[in-house]
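Visitor: Quick one: the structure is below, questions incoming.
Protein chains: 2
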Amino acid sequence: MANHLSKPSHTTERKGSASGSEAIDDYLKAIFQLGGPPEDLVSSTEIAIHLSITPASVTNMLQKLAAQEPPLVIYKKHHGVKLSRSGKKRALEIVRHHRLIETFLHQVLDYPWDEVHQEAERLEHFISERFEERIAAKLGHPEFDPHGHAIPAMDGSLPHQQPRSLSQLRPGQSAKVSSVSDKDPEMLRYLAAQGIRPGVRLTLSEQLPFKGAYQVRIGTSTKSALLSHSLAEAISVAVK
Amino acid sequence: MANHLSKPSHTTERKGSASGSEAIDDYLKAIFQLGGPPEDLVSSTEIAIHLSITPASVTNMLQKLAAQEPPLVIYKKHHGVKLSRSGKKRALEIVRHHRLIETFLHQVLDYPWDEVHQEAERLEHFISERFEERIAAKLGHPEFDPHGHAIPAMDGSLPHQQPRSLSQLRPGQSAKVSSVSDKDPEMLRYLAAQGIRPGVRLTLSEQLPFKGAYQVRIGTSTKSALLSHSLAEAISVAVK
DNA sequence: AGTAATATTTAGTCATGACTAATGTTTTGG
DNA sequence: CCAAAACATTAGTCATGACTAAATATTACT
């Protein structure tokens, strides 16, 4: 039996069709999600908190990302990073994977909407282009995931909605829920129980029972719900 | 902003529901697949070739697997390894994942049968118990994957068919294809084109055009195909 | 049985991507 | 405007899981 193996070149080969390392993807996605207006810097600490790692680890990685060819981020020492063109492209691929997977889990595998995030978070790194294409086709190329977030197109284009939070509404004002944060399952279960989901119209009632709480009327019904400030911040709305 | 993060304990946490490391899974699966009769040893070199890594790396890992609590393998220095009870349990979980995913890709996402293996190979490590349960339900708890391999039950039970290869048939003998190897896509495309798949009855023709080639009649038709020795070895049959 | 060929193991290295502790830079507030 | 606090970076460590080269054990053959 031959002892020399054909090609143990594990340095060169990339496994499967998923092209990058899991860690790099997570950084790029974090930077994308934390960076609000297109061109401002995200700090190491923000990233560290988002990823539950130490700031030192972040600095270390940011330098590597900036040193890639082509660079994935623009890194201003002591001031933060933003995504380069290629970094943004790659981040959007991951976001597309994530949101397609969430939609797929919900529509095809009947996952409740509070459970899709966790599973998608893991799978998004490992699906091939083929898989992505197949589920997109199966779902009829959906534009939004179960939480109302837009799914980037294959070319990375994304309808840039300006995100206005429910907490910014004036009393009496009415708006339609465009999306809700997918991060906290418990919150999602609460919202589902109240009938609050993307597409539903909410009206902020006049009276605020106490500071930091929001009472909203739901749809055309007389039903209403009481929302904490953090809950209100997790709901994005489109006025009119 | 607090600089102390809640829990950067990355040593303790396991990510998602997938409990083990990718590498360990691959070793256990390799040992499972290479170990023919339940209780014989698999050599480092066999494993190395199967995984396309060097034998030294294998030895290194086998020692770690044997040192786990509970041990995942029984390691006889210089002679090989076999799976322990827990090692076999875990290997069967991965095999179950793999075969369920293959079936799912084929049935639900319309993958051609020669492409399912590669994708499943990557995904098998990262799906949760929930995902496994959902696709099994969606598929009606299938017993076989697209290549005819039995899918282990959740408790790890597996109908131990005795594998007889087509190459072991006598001329004139007839048998039903039970499974075909899923490793080589090109081979699978060839077999599909010839109409050879699990469930099809084959009859080994009397005359062998030259040593190491097999001519078989396919089903009840008059069609026949010529198979190389390695092809014949990749087809498992059940004689009547 | 003894030696060559084959297979396996040891020892030491490398890359990745975390970590801590110590140090340096910015920002803030008196 | 300068010191303390907050934040970021450096330097060095660790675990994982590959690798190569060298040493050792097993097997096979004369």
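Those sequence lines, one after another, are chains Z and W.
For the first sequence, our numbering gives the first residue as 574, with consecutive numbering after it.
For the second sequence, our numbering gives the first residue as 574, with consecutive numbering after it.
Even glycine gets a Cβ: it sits at the ideal position worked out from N, Cα and C.
1. Around the C-beta of W/His722, are 16 or more other C-beta atoms found within 10 angstroms, so that it is buried, or is it exposed?
2. Kindly indicate the opening and closing residues of the alpha helix (DSSP H) around Z/Val615.
3. Is the shortest distance between the beta-carbon of Z/Ile620 and the beta-carbons of chain W less than 8 Å?
4. Please state whether DSSP places W/Arg770 in a helix, a strand or coil.
5. What residues in its chain sit with their C-beta under 8 Å from that of W/Leu781, if we drop five residues either side in the sequence?
6. Going along the chain, which residues of its own chain have a beta-carbon closer than 6 Å to the beta-carbon of W/Gly772, five neighbours each way excluded?
7. Throw me the rounded Cβ distance for the Z/Lys655 and Z/Gly608 pair, which I believe falls under 8 Å.
8. Is the shortest distance between the beta-carbon of W/Lys711 and the beta-carbons of chain Z less than 8 Å?
9. 8 Å is my cut-off, CB to CB: does W/Arg707 come that close to chain Z?
10. Does the beta carbon of W/Gln680 sit closer than 8 Å to a beta carbon anywhere in chain Z?
11. Figure out for me which residue from W/Gln734, W/Ile620, W/Glu595 and W/Ser625 has the closest Cα to the Cα of W/Pro610.
12. Given a cut-off of 8 Å, decide if Z/Ser751 and Z/Val810 are closer than it, judged by their beta-carbon atoms.
13. Which partner residues does W/Gln788 have in the DSSP bridge list?
14. Quick one: what's W/Lys749 bridged to in DSSP?
15. Could you check if W/His802 is buried or exposed, using at least 16 other CB atoms within 10 Å of its CB as the buried criterion?
16. For Z/Ile626, does the three-state DSSP call read helix, strand or coil?
17. In the DSSP assignment, what residue or residues form a beta bridge with W/Phe783?
18. So, does the CB of W/Glu692 fall closer than 8 Å to a CB anywhere in chain Z?
19. Between which residues of its own chain and W/Leu804 is the CB-CB distance below 6 Å, once the five residues before and five after are set aside?
20. Can you tell which of W/Gly713, W/Ile647 and W/Lys784 has its C-alpha closest to the C-alpha of W/Leu614?
21. To the nearest angstrom, how far is the alpha carbon of Z/Lys580 from that of W/Pro715?
22. Closer than 9 Å by beta-carbon distance: list the chain Z residues that pair up with W/Phe704, in chain order.
23. Apply the 10 Å Cβ neighbour rule to Z/Ala603 and answer buried if 16 or more other Cβ atoms are within range, or exposed otherwise.
24. If you reduce the DSSP assignment to three classes, tell me which class Z/Gly713 lands in.
25. As an exercise, report each continuous beta strand (DSSP E) stretch of at least 3 residues that is fully enclosed by the region 676 to 700 of chain Z, in chain order.
26. Rounded to the nearest angstrom, how far is the Cβ of W/Glu806 from that of W/Ser738, given a contact under 8 Å?
27. DSSP state of W/Leu761, grouped into three classes?
28. Candidates Z/Glu706, Z/Pro736 and Z/Gln741: which alpha carbon is nearest Z/Ala726's?
29. On the CB-based measure, 16 or more other CB atoms within 10 Å of its CB, does Z/Asp598 come out buried or exposed?
30. Between which two residues does the beta strand (DSSP E) holding W/Leu742 run?
31. Quick one: give me the first and last residue of the beta strand (DSSP E) that Z/Ile647 is part of.
32. In the DSSP assignment, find the unbroken beta strand (DSSP E) run with Z/Lys655 in it and report its ends.
33. Whose CA, out of Z/Ile674, Z/Lys796 and Z/Arg774, lies closest to the CA of Z/Ala710?
34. Ignore the nearest five residues each way along the sequence and tell me which others in Z/His670's own chain have a CB closer than 7 Å to its CB.
35. Compute the distance between the beta-carbons of Z/Arg658 and Z/Ile724, then report whether it is under 8 Å.
36. Which residue from Z/Arg703, Z/Arg770 and Z/Tyr763 puts its Cα closest to that of Z/His720?
Guide: This is what the structure holds:
1. buried
2. Run containing Z/Val615: none; DSSP gives neither H nor E here.
3. no
4. Reduced to three states, the DSSP call for W/Arg770 is coil.
5. Pro744, Tyr787 and Gln788
6. none
7. 6 Å
8. Chain Z contact via Cβ: present.
9. For W/Arg707, the nearest beta carbon of chain Z is closer than 8 Å to its own beta carbon.
10. no
11. W/Gln734
12. yes
13. Answer is W/Leu799.
14. W/Arg774 and W/Ala811
15. exposed
16. Note: Z/Ile626 maps to coil in three-state DSSP.
17. According to DSSP, residue pairing for W/Phe783 in a beta bridge does not occur.
18. yes
19. none
20. W/Ile647
21. At Z/Lys580, the pLDDT of 44 sits below 50, so the modelled position is not reliable and the matter cannot be decided from this model.
22. Leu678, Leu682, Tyr684, Glu692 and Leu696
23. buried
24. coil
25. none
26. 5 Å
27. helix
28. With respect to the C-alpha of Z/Ala726, the residue from Z/Glu706, Z/Pro736 and Z/Gln741 having the closest C-alpha is Z/Glu706.
29. buried
30. Unbroken run through W/Leu742: none, as it is neither H nor E.
31. DSSP places Z/Ile647 inside the beta strand (DSSP E), whose first and last residues are Val646 to Lys649.
32. Gly653 to Leu656
33. Checking every option, the nearest Cα to that of Z/Ala710 belongs to Z/Ile674.
34. Glu697, Ile700 and Glu705
35. no
36. Z/Arg770
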